[in-house]
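Comments concern the structure below.
Chains as they are written, first to last, in the working numbering: chain A, 4 to 300; chain B, 74 to 252.
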């Protein structure tokens, strides 16, 4: 009896460190998806890693935490994967997942605190969002919409249409993004390094704004707005556009044009033609300073 | 009206101040549109307010009273004893730029929409963002007051309020976020 009890205690002692592992369950899902089909994945905590591949099926692997389950709905054209958390699961570990998606598919991924890492993809459309988790994206997508509340966004996506939005999360985008780009942030800093843009619109309230672009496509437009944050725009010297800058109390420094100040009252502005003046560039701030650099590309 | 005694003047002032918020309420059509949108996406869980900053809760509950109090201060500062007898609106409103008046309407619209969401606990992930949005809206309104010709600020304000409303609604469904 005593011996049995000792063995039991010994077994408990040996297995105790493995308890979290035992509480986890593994995931191994495979679903065929027709060409151009859609994949949805959502997870609250932990991590989601997405990679593209040249197969026509969707694969999800990884582990679920204690009490979690995977809700799967699948058809030929759509695969929906959702991690369902138990009520009052604040102390449980988040799910750690890796998703493989076919080339040319559409991906919609959403997390809360889980990090979301999307790479090596070639998607028709990408929509990815987090609340506080970091969002990292690279690869290629026909169009893309990336959002977060407080998580940082890092994009190195080659895409014709890019939308980025956050409240306080920092936004950094570089790589082949160009074409049409729209960025909104409240207090998160925005840093963009883009290819030639057709249409670029960026708004922040207090988040610093820095934009570098390889140029403006013929007839292209750039609009940058902040309330209190500084703005820096860097374009090549061969840029052809009408440049208009206006600020209530910020300073304007520009490689082109003369800054004008009203005889009475606050404010300063600049309105000048760069090259043939084909495109339009407008910058508005309330108190943020503006810097326009030409000729560094 | 000038023949009224002081008590009557005070009664008249109080009555006018009580009517002030109604003058700022947006057209019924606008509110019906917002209400319809809210109904289209009903909350899945009881909504958050306990974790909303106390100052925000205060603003929600005492919105009309706050405006009235601000108007009283404006009247006193303007030295107005009976000036309202010859003006349809208080000085604060009469001197407001068109941009400020539109900002007031926006604030009222979205304030009502947000207040219409039952109060509950905001998920920890969203509380700082809501605070940031409230603070940013205040900054934008200050900027509008300083720079009444900067039309782009109104777009910024609209976007900030819309995001505040959207996140508040998201908070309803996300009250069970693990952290």
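Where a beta carbon is used, it is the ideal one built from N, C-alpha and C, also for glycine. Since we're looking at a predicted model, the values are computed, not measured.
Cα-Cα separation between residue i and residue j, rounded to whole angstroms
i, j, result
"residue 38 of chain A", "residue 144 of chain A", "15 Å"
"residue 172 of chain A", "residue 171 of chain B", "33 Å"
"residue 56 of chain A", "residue 162 of chain A", "18 Å"
"residue 222 of chain A", "residue 258 of chain A", "21 Å"
"residue 86 of chain A", "residue 269 of chain A", "55 Å"
"residue 1 of chain A", "residue 195 of chain A", "The structure shown does not extend to residue 1 of chain A, since chain A spans only 4 to 300, so no value can be given for it."
"residue 244 of chain B", "residue 200 of chain B", "9 Å"
"residue 277 of chain A", "residue 233 of chain A", "22 Å"
"residue 231 of chain B", "residue 287 of chain A", "16 Å"
"residue 255 of chain B", "residue 235 of chain B", "Any property of residue 255 of chain B remains undetermined from this structure, which presents chain B solely from 74 to 252."
"residue 122 of chain B", "residue 205 of chain B", "Only weak support is given to the placement of residue 122 of chain B: the predicted model assigns it a pLDDT of 32, under 50, and the value that follows is read from those uncertain coordinates. About 16 Å."
"residue 200 of chain A", "residue 293 of chain A", "20 Å"
"residue 229 of chain B", "residue 208 of chain A", "7 Å"
"residue 67 of chain A", "residue 138 of chain A", "20 Å"
"residue 129 of chain A", "residue 267 of chain A", "50 Å"
"residue 96 of chain A", "residue 116 of chain A", "11 Å"
"residue 152 of chain A", "residue 134 of chain A", "5 Å"
"residue 239 of chain A", "residue 296 of chain A", "8 Å"
"residue 169 of chain A", "residue 191 of chain A", "7 Å"
"residue 262 of chain A", "residue 197 of chain A", "27 Å"
"residue 250 of chain A", "residue 158 of chain A", "30 Å"
"residue 280 of chain A", "residue 99 of chain A", "52 Å"
"residue 3 of chain A", "residue 43 of chain A", "This structure cannot settle anything about residue 3 of chain A, because the visible part of chain A is limited to 4 through 300."
"residue 179 of chain B", "residue 78 of chain A", "44 Å"
"residue 241 of chain B", "residue 230 of chain A", "23 Å"
"residue 108 of chain A", "residue 84 of chain A", "15 Å"
"residue 218 of chain B", "residue 211 of chain A", "22 Å"
"residue 218 of chain A", "residue 155 of chain A", "26 Å"
"residue 275 of chain A", "residue 236 of chain A", "15 Å"
"residue 227 of chain A", "residue 282 of chain A", "14 Å"
"residue 54 of chain A", "residue 216 of chain B", "45 Å"
"residue 224 of chain B", "residue 182 of chain A", "27 Å"
"residue 246 of chain A", "residue 233 of chain B", "27 Å"
"residue 244 of chain A", "residue 41 of chain A", "40 Å"
"residue 272 of chain A", "residue 203 of chain B", "33 Å"
"residue 120 of chain A", "residue 265 of chain A", "50 Å"
"residue 211 of chain B", "residue 193 of chain A", "21 Å"
"residue 90 of chain A", "residue 76 of chain A", "22 Å"
"residue 220 of chain A", "residue 114 of chain A", "35 Å"
"residue 253 of chain A", "residue 60 of chain A", "54 Å"
Chain-ordered chain A contacts of residue i [CB-CB under 8 Å]
i, result
"residue 201 of chain B", "153, 171"
"residue 240 of chain B", "152, 170"
Cβ separation of residue i and residue j, assumed to be a contact under 8 Å, to the nearest whole Å
i, j, result
"residue 203 of chain A", "residue 225 of chain A", "5 Å"
"residue 125 of chain A", "residue 106 of chain A", "5 Å"
"residue 186 of chain A", "residue 167 of chain A", "5 Å"
"residue 176 of chain B", "residue 227 of chain B", "6 Å"
"residue 51 of chain A", "residue 112 of chain A", "6 Å"
"residue 185 of chain B", "residue 221 of chain B", "Going by Cβ atoms, the distance from residue 185 of chain B to residue 221 of chain B rounds to 25 Å, so no, they are not a contact pair."
Within chain B, the residues that residue i reaches when beta carbons sit closer than 9 Å
i, result
"residue 206 of chain A", "225, 228, 229, 232"
"residue 187 of chain A", "232, 236"
"residue 228 of chain A", "225, 226, 228, 229"
Chain-ordered chain B contacts of residue i [CB-CB under 8 Å]
i, result
"residue 287 of chain A", "223, 225"
"residue 83 of chain A", "Correct list: empty, because the minimum Cβ distance to chain B is about 17 Å."
"residue 272 of chain A", "Ordered by position in chain B, no residue passes the 8 Å Cβ test against residue 272 of chain A, which lies about 11 Å from the chain."
"residue 231 of chain A", "212, 216"
"residue 209 of chain A", "209, 212"
Within chain A, partners of residue i - CB distance below 9 Å
i, result
"residue 179 of chain B", "Within 9 Å Cβ-Cβ: nothing; residue 179 of chain B doesn't reach chain A, min ~15 Å."
Chain-ordered chain B contacts of residue i [CB-CB under 7 Å]
i, result
"residue 216 of chain A", "Correct list: empty, because the minimum Cβ distance to chain B is about 21 Å."
"residue 190 of chain A", "205, 209"
(request) With a floor of 3 residues, list each beta strand (DSSP E) that falls wholly inside the segment 47–122 of chain A, ordered by position along the chain. (result) Qualifying beta strand (DSSP E) stretches, in chain order: 49–56, 60–67, 72–77, 81–87, 98–105, 109–114.
(message) If the cut-off is 7 Å on Cβ atoms, which residues from the segment 200–220 of chain B count as contacting chain A, listed in chain order?
(response) For the segment 200–220 of chain B, the beta-carbon criterion of a distance under 7 Å to any beta-carbon of chain A is satisfied by 201, 202, 205, 206, 209, 212, 213, 216, 219, 220.
(request) Output the residue ranges of the beta strand (DSSP E) runs that lie fully inside the segment 192–272 of chain A and measure 3 residues or longer, sorted by chain position. (result) Counting only runs of 3 or more, we get 193–197, 200–207, 212–216, 219–229, 234–238, 244–250, 255–257.
(request) Select from the segment 126–153 of chain A all residues with a C-beta closer than 8 Å to any C-beta belonging to chain B, and list them in chain order. (result) Hits within the stretch, in order: 134, 135, 152, 153.
(request) Quick one: which residues of the segment 37–62 of chain A get their C-beta closer than 9 Å to a C-beta of chain B? List them in chain order. (result) Of all residues in the segment 37–62 of chain A, 47, 48 have a Cβ within less than 9 Å of some Cβ in chain B.
(request) Any chance you could list the beta strand (DSSP E) runs of at least 3 consecutive residues sitting entirely within the segment 142–172 of chain A, in chain order? (result) Correct list: 156–169.
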